[in-house]
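Q: Residue numbers (the UniProt record's numbering), protein chains in the order written: chain A, 1 to 185; chain B, 1 to 386; chain C, 1 to 186.
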């Protein structure tokens with residue numbers, strides 16, 4: 001209870017960014033919870049997209065513009081579109097929910113509970129990252145700095161990842177090529 | 001002094017917002033006029049002089065139609081769809097530099113909503129969100145045709161985003177910045193315009209812009225011969241109006257982005273001489289502001305040309321088939337844009353040579369010419385005479 | 001092959017230039033932009049009207065003869081000929097002193113045309129033995145909005161003496177609904 005009171009006290013002398021962070025955090029949590037609780041899968045996906053937007057907001061608060069925009073492009077713009085795309089093909093009738101037997105419910109509860117215990121213990125012991133306000137450079141998250149880091153310290157993994165993507169793209173194009181003898185549509 | 005900047009900035013943002021809406025409104029009129037003129041007709045000319053009040057009449061009609069929500073539709077998502085389409089369409093014009101800067105007392109306020117250093121990516125992100133409006137609206141209508149339109153829109157947008165992004169990368173490599181203002185400033189001098197350094201990239205970008213805007217010849221999501229009305233089959237009244245309006249706003253934004261990325265934005269030949277002459281004769285404040293105004297006018301000229309080009313193409317080229325669309329996107333544009341990136345990189349590595357991609361253009365022209373010469377002549381079709 | 005206009009379809013492999021689409025697209029754009037600057041074919045209808053020719057079948061008129069007498073003798077042939085059964089009439093006998101009004105001894109006391117039924121085929125004109133009923137080439141039946149405006153009686157059909165109608169008037173290069181140009185001398 002005492003901790004809660006100090007928390008409330010600290011709430012009074014927050015900066016604008018601090019209020020924004022708590023507000024955004026609250027919205028993020030609500031939307032993340034509604035991803036799990038939503039009955040309709042489409043609503044669930046939309047809530048997930050909204051959660052990604054909130055995460056983008058968090059990146060913005062951290063002055064990481066590049067990560068913020070890339071988060072929107074990759075997750076909200078591409079991956080979630082594919083999620084939505086796939087879920088739109090599902091038959092969303094009530095009688096199709098044969099997967100919700102008692103056994104699956106029990107299994108879900110056990111797995112979820114174990115995961116929660118695991119995560120709690122990890123966060124309990126893991127060191128929380130800190131920074132030195134005096135020497136902190138506010139431009140760390142900008143795209144130029146990110147590029148320099150990627151192309152100097154992490155050049156090998158970065159290039160490997162890009163080759164992987166290129167191969168994947170070439171593979172997609174190759175899959176699309178019609179071979180001799182394939183039926184014409 | 002902070003306040004002055006804020007006031008000028010908010011005026012600029014308001015102006016950008018208003019101009020976007022105004023141009024989108026009059027694009028509907030221009031579309032009908034252009035369509036008519038290309039078909040030897042006159043087009044709307046009853047509402048006001050030259051039919052200039054036609055958009056207002058159309059909007060009035062839209063507002064007074066019955067706002068219908070199908071019984072089995074998902075009501076809230078059905079309403080959310082057009083709102084999202086409109087929202088994402090309006091967001092992307094925020095980062096476009098519409099002019100140099102407005103000088104007031106000692107401040108230079110750029111004529112731009114926000115100058116973020118990831119401007120290109122911002123546009124890209126907003127464009128990739130644009131498909132949600134169509135998808136959610138199409139799904140929520142609870143109609144097979146709407147759903148098919150939505151699915152087409154989604155697959156088309158995702159496919160062409162890849163080629164779109166890859167074609168921009170060549171520009172980013174040459175500029176070394178993601179800020180649109182920086183890209184514009186880099187293109188000073190007529191032959192430095194990216195359309196001359198990146199001819200292939202420009203064609204790819206233009207094609208993908210057509211596909212992202214769902215404009216003919218890539219308007220398969222609303223293909224009325226196959227899908228009744230496509231994703232907006234069930235929509236009526238101003239909700240339909242929002243969808244149609246969002247398309248025109250997208251057209252305006254993509255025209256602005258094409259002009260910015262490839263046609264030097266607010267730059268025009270002899271800009272610096274004009275600027276210096278104006279500053280010398282009218283003083284550094286008034287002269288600079290007038291020079292900025294000329295630059296903005298030039299940019300809008302370019303934008304209007306591309307809006308016209310969008311319409312011109314619409315009334316010239318028939319719609320693609322869906323497999324043709326996918327073939328073009330995945331098998332032609334993506335490999336070509338990768339080749340474009342590789343050649344641009346090679347050219348930049350070799351003595352900062354910017355015009356390397358002309359090689360691809362020349363090779364393609366030569367190949368096409370030899371192929372056309374070598375190809376067996378088509379037998380002239382014998383038309384039996386009476 | 002009935003019209004001799006059918007063309008052989010060629011399924012030949014496209015050349016590279018054709019597969020690149022761009023030359024064809026540019027060609028198409030050139031064609032459409034040429035039309036952009038062409039003279040438009042539109043005639044601004046209510047303001048500008050086209051001459052529809054001397055055989056246009058418009059508003060009905062019950063003719064008078066040179067002395068201003070009604071020509072109709074109420075024989076009923078037009079009503080018989082009418083495929084839409086739009087014409088009805090009531091005949092009456094000419095009284096003493098009415099010779100200046102009616103040309104024949106029998107005349108139509110009531111002559112009505114239902115304009116909702118009329119199809120402007122002109123068969124009444126063909127059938128008339130007295131050259132009494134004509135469809136004017138220079139005037140259309142105006143749009144009506146009320147049901148009681150639909151049936152045209154003699155008041156609206158009989159030729160006005162100050163607004164005579166002559167089919168072969170060479171000056172009557174008039175468009176329908178423009179009465180000023182069709183007024184003739186006799």
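Ideal Cβ placement from N, Cα and C applies to all residues, glycine included. Please read these numbers as outputs of a predicted model, since none were measured by experiment.
1) How about residue 25(A): is its C-beta nearer than 8 angstroms to some C-beta of chain B?
2) Determine, using beta carbons only, whether residue 362(B) comes closer than 8 angstroms to chain C.
3) Which chain B residues sit within Cβ distance under 8 angstroms of residue 83(A)?
4) Can you tell me whether DSSP reads residue 341(B) as helix, strand or coil?
5) What in chain B is Cβ-close to residue 48(C), meaning under 9 angstroms?
6) Residue 123(C) and residue 81(C): beta carbons closer than 8 angstroms?
7) Would residue 234(B) and residue 85(B) qualify as a contact pair, given that the criterion is a beta-carbon distance under 8 angstroms?
8) In whole angstroms, give me the CA-to-CA distance for residue 266(B) and residue 207(B).
9) So, does the region 97-104 of chain B touch the region 145-159 of chain B, judging by three or more C-beta pairs under 8 angstroms?
10) By the 9 angstroms beta-carbon criterion, what residues does the region 24-42 of chain B contribute toward chain C?
11) Go ahead and pull the three-state DSSP assignment for residue 248(B).
12) What is the C-beta distance between residue 344(B) and residue 356(B), in whole angstroms, given that I count them as a contact (C-beta under 8 angstroms)?
13) Considering only the alpha carbon of each residue, which of 44(B), 239(B), 373(B), 138(B) lies closest to residue 231(B)?
14) Please determine, among 60(A), 13(A), 16(A), 34(A), the residue with the shortest C-alpha to C-alpha distance to residue 143(A).
15) Would you say the region 34-47 of chain B touches the region 298-317 of chain B, given that touching needs at least three Cβ pairs under 8 angstroms?
16) Identify, in the order they occur along the chain, each residue of the same chain with its Cβ nearer than 8 angstroms to the Cβ of residue 307(B), setting aside the five sequence neighbours on each side.
17) Per DSSP, residue 135(C) is paired with what?
18) Could you give the uninterrupted runs of the beta strand (DSSP E) lying entirely in the region 77-137 of chain C, keeping only those of 3 residues or more?
19) Could you check whether the region 60-77 of chain B touches the region 115-125 of chain B, counting it as contact only if at least three pairs of C-beta atoms, one from each stretch, sit closer than 8 angstroms?
20) Hey, does residue 30(A) have any beta-carbon neighbour from chain B nearer than 8 angstroms?
21) Nearest chain B C-beta to residue 77(A) closer than 8 angstroms, yes or no?
22) Report the partner residues of residue 104(B) according to the DSSP bridge assignment.
23) Between residue 372(B) and chain C, is the shortest Cβ-Cβ distance under 8 angstroms, so that the two count as touching?
24) Hey, could you find the ends of the alpha helix (DSSP H) residue 59(A) is sitting in?
25) Would you report the Cα separation of residue 279(B) and residue 326(B), rounded to the nearest angstrom?
26) Which one or two residues does DSSP pair with residue 151(C) in a beta bridge?
27) Based on the DSSP secondary-structure assignment, which residues constitute the bridge partners of residue 158(C)?
28) Using C-beta distances below 8 angstroms, list every residue in its chain close to residue 71(A), excluding the 5 sequence neighbours before and after it, in chain order.
29) For residue 70(C), write down the residues that DSSP places opposite it in a beta bridge.
30) Using a Cβ cut-off of 7 angstroms, pull out every chain B residue sitting near residue 38(C), in sequence order please.
31) Could you give the C-beta distance for residue 73(A) and residue 125(B), rounded to a whole number, given that I count them as a contact under 8 angstroms?
32) Roughly how many angstroms separate the alpha carbons of residue 368(B) and residue 16(C), rounded to a whole number?
33) Less than 8 angstroms between the C-beta atoms of residue 112(C) and residue 165(C), yes or no?
34) By the criterion of Cβ-Cβ separation under 7 angstroms, what are the contact partners of residue 216(B) in chain C?
35) Near residue 83(B), what residues of its chain come up, given a Cβ to Cβ distance below 8 angstroms and the 5 sequence neighbours on each side ignored?
36) Drop a sphere of 10 angstroms on the beta-carbon of residue 219(B), count the other beta-carbons inside from all chains shown, and report buried for 16 or more, exposed for fewer.
A: Quick look at the numbers:
1) So no, residue 25(A) is outside the interface.
2) So, not an interface residue.
3) Chain B residues near residue 83(A): none, gap ~11 angstroms exceeds 8 angstroms.
4) Helix, per DSSP.
5) By Cβ distance, chain B contributes nothing, its closest Cβ being about 12 angstroms from residue 48(C), past 9 angstroms.
6) In this structure, residue 81(C) lies closer than 8 angstroms to residue 123(C) by Cβ.
7) No, Cβ-Cβ distance for residue 234(B) and residue 85(B) is not below 8 angstroms.
8) Computed Cα separation, rounded: 23 angstroms.
9) When Cβ pairs closer than 8 angstroms are counted between the two stretches, the region 97-104 of chain B is seen not to touch the region 145-159 of chain B, the count staying below three.
10) Under the 9 angstroms Cβ criterion, the region 24-42 of chain B contributes 34, 36, 37, 38, 39, 40, 41, 42.
11) Looking at residue 248(B) - three-state DSSP - the assignment turns out to be helix.
12) Sure, about 6 angstroms apart at Cβ, within 8 angstroms.
13) Comparing Cα positions, the closest option is 138(B).
14) For the options 60(A), 13(A), 16(A), 34(A), the alpha carbon positioned closest to that of residue 143(A) is the one of 60(A).
15) With the cut-off at 8 angstroms, the region 34-47 of chain B and the region 298-317 of chain B touch.
16) If we look at residue 307(B) and ignore the five residues flanking it on each side, its Cβ neighbours are 23, 27, 30, 251, 252, 255.
17) Paired residue(s): 60(C).
18) Note on the region 77-137 of chain C: whole beta strand (DSSP E) runs with a minimum of 3 residues are 87-93, 106-114, 133-135, in chain order.
19) Pairwise C-beta distances place the region 60-77 of chain B out of contact with the region 115-125 of chain B, as fewer than three of them are shorter than 8 angstroms.
20) No, because no Cβ of chain B sits closer than 8 angstroms to the Cβ of residue 30(A).
21) Closer than 8 angstroms: yes.
22) Residue 104(B) pairs with 107(B).
23) Yes, its Cβ sits closer than 8 angstroms to a Cβ of chain C.
24) 41-61 is the span of the alpha helix (DSSP H), which, as asked, contains residue 59(A).
25) When rounded, the distance between both Cα atoms is 52 angstroms.
26) DSSP, once it has assigned bridges, lists 114(C) as partnering residue 151(C).
27) Under DSSP, residue 158(C) shares a beta bridge with 62(C).
28) Within the same chain, and ignoring the five residues on either side of residue 71(A) in sequence, the residues whose Cβ sits closer than 8 angstroms to its Cβ are 52, 55, 56, 59.
29) Paired residues: 64(C), 102(C).
30) Those within 7 angstroms of residue 38(C) in chain B are 40.
31) The C-beta separation of residue 73(A) from residue 125(B) comes to about 5 angstroms, placing the pair in contact by the 8 angstroms criterion.
32) Put simply, the backbone Cα of residue 368(B) is about 5 angstroms away from that of residue 16(C).
33) When the beta-carbon positions are compared, residue 112(C) and residue 165(C) stay at least 8 angstroms from each other.
34) Under the 7 angstroms cutoff, chain C gives no residues; its nearest Cβ is about 12 angstroms from residue 216(B).
35) These residues qualify, in order along the chain: 133, 242.
36) Here residue 219(B) is buried. Its C-beta has 16 or more other C-beta atoms within 10 Å.
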